[in-house]
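>
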Amino acid sequence: MSSRKLITAARVVTGPGGRCVEDGAVLTDGDTVVAAGRRSDVEALADERDERIALPGTTVLPGLVDAHVHLVFDAGTDPVGTLEGQDDDALLAVMRERAARLVASGVTTVRDLGDRGRLTLRLREEIESGAVPGPRIVAATTPVTPEGGHCWFLGGEVGSERELRDLVRRNAELGADVIKVMATGGALTRGGPATWQAQFGAGELAVVVEEAHGAGLPVAAHAHGTAGIEAAVTAGVDTLEHCTWMTEDGNDLRDDVLDAIVERGIRVCPTVSPHWRMLPTVFGAERAERLFGQVRTMAERGVRFIAGTDAGVQRAGFDGLRPSLTFFEHIGMPAPRVIDMATTEAADALGAGGRAGLLAPGRPADLIAVGSDPRAGLEALADLRFVMSRGELIPPQRAV
Numbered sequence: 015m016s017s018r019k020l021i022t023a024a025r026v027v028t029g030p031g032g033r034c035v036e037d038g039a040v041l042t043d044g045d046t047v048v049a050a051g052r053r054s055d056v057e058a059l060a061d062e063r064d065e066r067i068a069l070p071g072t073t074v075l076p077g078l079v080d081a082h083v084h085l086v087f088d089a090g091t092d093p094v095g096t097l098e099g100q101d102d103d104a105l106l107a108v109m110r111e112r113a114a115r116l117v118a119s120g121v122t123t124v125r126d127l128g129d130r131g132r133l134t135l136r137l138r139e140e141i142e143s144g145a146v147p148g149p150r151i152v153a154a155t156t157p158v159t160p161e162g163g164h165c166w167f168l169g170g171e172v173g174s175e176r177e178l179r180d181l182v183r184r185n186a187e188l189g190a191d192v193i194k195v196m197a198t199g200g201a202l203t204r205g206g207p208a209t210w211q212a213q214f215g216a217g218e219l220a221v222v223v224e225e226a227h228g229a230g231l232p233v234a235a236h237a238h239g240t241a242g243i244e245a246a247v248t249a250g251v252d253t254l255e256h257c258t259w260m261t262e263d264g265n266d267l268r269d270d271v272l273d274a275i276v277e278r279g280i281r282v283c284p285t286v287s288p289h290w291r292m293l294p295t296v297f298g299a300e301r302a303e304r305l306f307g308q309v310r311t312m313a314e315r316g317v318r319f320i321a322g323t324d325a326g327v328q329r330a331g332f333d334g335l336r337p338s339l340t341f342f343e344h345i346g347m348p349a350p351r352v353i354d355m356a357t358t359e360a361a362d363a364l365g366a367g368g369r370a371g372l373l374a375p376g377r378p379a380d381l382i383a384v385g386s387d388p389r390a391g392l393e394a395l396a397d398l399r400f401v402m403s404r405g406e407l408i409p410p411q412r413a414v
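All residue numbers for the sequence shown refer to the working numbering, where the first residue is 15 and numbers rise by one.
#1: Nearest to A7 by CA position, among P388, E393, R281, is which residue?
#2: Going by DSSP, what residues sit across from P378 in a beta bridge?
#3: Is F332 close to chain C, meaning its C-beta is less than 9 Å from at least one C-beta of that chain?
#4: Among the residues of its own chain, which have a CB less than 8 Å from the CB of E175, if the five just before and after it don't count?
#5: Can you find the residues in the same chain that come closer than 8 Å, C-beta to C-beta, to V117, ignoring five residues on each side of it along the sequence?
#6: Tell me, please, which residues DSSP counts as bridged to T73.
#7: Report the rounded CA-to-CA distance for T209 versus A81, giving the unit in angstroms.
#8: Run through DSSP, which three-state label would T123 get?
#9: Could you work out which residue in R136, H164, D380, E177 is closest to H236 when comparing CA atoms only?
#10: Going by Cα to Cα distance, which pick from P93, Q100, P288, R369 is closest to G131?
#11: Is it buried or exposed, R278, if we count other Cβ atoms within 10 angstroms and call 16 or more buried?
#12: Return the CA-CA distance between V47 and D61, expressed in angstroms with no decimal places.
#13: Grouping DSSP H, G and I as helix and E and B as strand, with all else coil, what is A360?
#14: How long is the line joining the alpha carbons of I382 and V74, rounded to whole angstroms?
#15: Count the CB pairs spanning the segment 289 to 309 and the segment 87 to 94 that are closer than 8 Å, and state whether there are at least three.
#16: Any idea if L417 is buried or exposed, counting beta-carbon neighbours within 10 angstroms, 16 or more meaning buried?
#17: Mind pulling the alpha helix (DSSP H) runs of 4 or more residues that sit fully within the segment 280 to 316?
#18: Taking 8 Å as the limit between beta carbons, can you name the residues of its chain near D129, skipping five residues before and five after?
#19: What distance in whole Å lies between the Cβ atoms of P410 and G215, which are believed to be in contact at a cut-off of 8 Å?
#20: State the DSSP-derived secondary structure class of I320, mapped to helix, strand or coil.
#21: Taking all protein chains shown into account, decide if P76 is buried (16 or more other Cβ within 10 angstroms of its Cβ) or exposed.
#22: According to the Cβ coordinates, are L335 and A356 closer than 9 Å?
#23: Any idea what DSSP makes of A325, helix, strand or coil?
#24: For the beta strand (DSSP E) holding F87, just list the boundary residues, first then last.
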């Protein structure tokens, strides 16, 4: 039987900016896209042995990218406590389940930004071998943090410049795709620095960047506080995670720092919860609108966002990327730009531009189909009809 599949649909989103072909088709051969475009053109390349998959009325688009997940956490009320109660074998078993849930939700590539014992590398090998289903994994492995710092329990504490350099080099040597550094504190770590507090100075972060870039790896900086954001930007990191501009007594979105983010092309992953509509109730309407307004301001100023959910932390499950994207439409971003954030932009920022985010000849056969046109409204993403990952069909998770 041929490994080739011809998928036909009402429309195919083939590239950034909402570029779309009506009455479209995609032809795949194993894990590779052979062609994507007008049905008549693509059908001309198929033969009678190819499997036909008709998806009438649907929109086909590239598989989605969640640029910020933590497969070691369970998304429960106490993810750290749950993690600490599991040995590596038990943890790896549930990580497999989470990976399967991600790909069934239409996420065919993830960036995992912090694990324990570099278990994401083991899971990545299993997925790549075909032993278990799951998305392509861009892995940070052990995050860099100071002694007693945010997520110290993941094993990445450093107390000197030499230890900092050694950890970055070790991660790179063992197969990390990106270096994660905790530039500020975080709410997940009991007794650690406050979320707004900087954990490293710009000079220390520059050492991380130097070592990572020397190994050909990008740097992702966890940065909630304004001081930590400024230090990370000064150091030259590649992506800012969260970027909530926190201070001890509120928030301070600094225009000069924001200008530098835009000028240097640093991507920002705001890590939006799939339950973002609850934030006015949880935080209060005024604080929630202030947070929403900061993201709106960054968007209006030209910040290049990438989509991510922080899956694994409290209330952030492994099927939440599609509902999280509606937040950006809510603050006024056009739907095609938001789709780019979760496809082409995210793949490019992750260094996976050749392996994800676009339907074109020679690209991986990662694609999804939804029941209507998401360019007209992102609620369409809730109606997931079809998932293909690495050329294999995955039963889709329909409800979100």
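Don't be surprised by glycine CBs; every beta carbon is placed ideally from N, CA and C.
Looking at the atomic coordinates:
#1: Limits of the chain in this structure are 15 at one end and 414 at the other, which puts residue 7 out of reach.
#2: T46
#3: Protein chain content of the structure displayed is limited to a single chain, and chain C is not contained in it.
#4: E218, V221
#5: P147, G148, P149, V401, S403, I408
#6: R25, V384
#7: 21 Å
#8: strand
#9: H164
#10: Q100
#11: exposed
#12: 15 Å
#13: helix
#14: 6 Å
#15: no
#16: There is no way to answer for residue 417, as the model of the chain reaches only from 15 to 414.
#17: 293 to 297, 299 to 314
#18: H84, L85, V86, A153, A154, T155, T156, L168
#19: Contact doesn't hold; Cβ gap of about 46 Å is too wide.
#20: coil
#21: buried
#22: yes
#23: strand
#24: From DSSP, F87 is part of no beta strand (DSSP E); its letter is neither H nor E.
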